[in-house]
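Everything in the sequence shown is counted per the working numbering, starting at 2 for the first residue and increasing by one.
C-beta atoms are modelled at their ideal positions from N, C-alpha and C, and glycine is treated no differently.
No experiment lies behind these values; they were computed from the predicted model shown.
Structure, as structure tokens:
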Amino acid sequence: MSWASWTTSGVFAGTGGVRTEEAGILSGDLTVHTTWSDGQASVAVQYSGSSDWFTLAGSPVPCASEEESRTFHQSVVEAVRQGDGATLPPDGTAPGVRDLSGDPPRPPRPIE
2 MSWASWTTSG
12 VFAGTGGVRT
22 EEAGILSGDL
32 TVHTTWSDGQ
42 ASVAVQYSGS
52 SDWFTLAGSP
62 VPCASEEESR
72 TFHQSVVEAV
82 RQGDGATLPP
92 DGTAPGVRDL
102 SGDPPRPPRP
112 IE
């Protein structure tokens, strides 16, 4: 079984914050944590310095590889910075992901 995780602290959520499963919208100074295991990426956020973690709405999502999950984590960090009630799309693509074609980033796509 392979797994990997990434944590980015000091991420200031943009206007509208991020939507979590347990606490609704969080905003302000957040820490973003992604864990990849068994073909899935799970994302949690917390207020930086806090001990409580909250599942980002839409998590977990399919994610085929460790390399893909690292790119995914960075795109989630960027989406948190954008705010707008950021969530994870069910297909595992995150807002702001730049594909290899060089196309511009997609705008946030919150799940309703």
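In the structure shown, Thr72 adopts helical secondary structure according to DSSP, grouped into three states. For Leu31, the closest alpha carbon among the candidates Asp39, Thr8, Ser3, Gly59 is that of Thr8. Taking each of Thr72, Leu89, Val19, Ala65 in turn and checking the Cα distance to Gly40, the smallest one comes out for Ala65. Counting the other Cβ atoms within 10 Å of the Cβ of Thr35 gives 16 or more, which makes it buried. Note on Phe73: 16 or more other CB atoms within 10 angstroms of its CB, so buried under the neighbour-count rule. Secondary structure within the region 16-94: the beta strand (DSSP E) runs of 3 or more consecutive residues, fully enclosed, are 25-38, 41-48 (chain order). Across the set Asp85, Ser3, Val81, the C-alpha of Val81 shows the shortest separation from the C-alpha of Val44.
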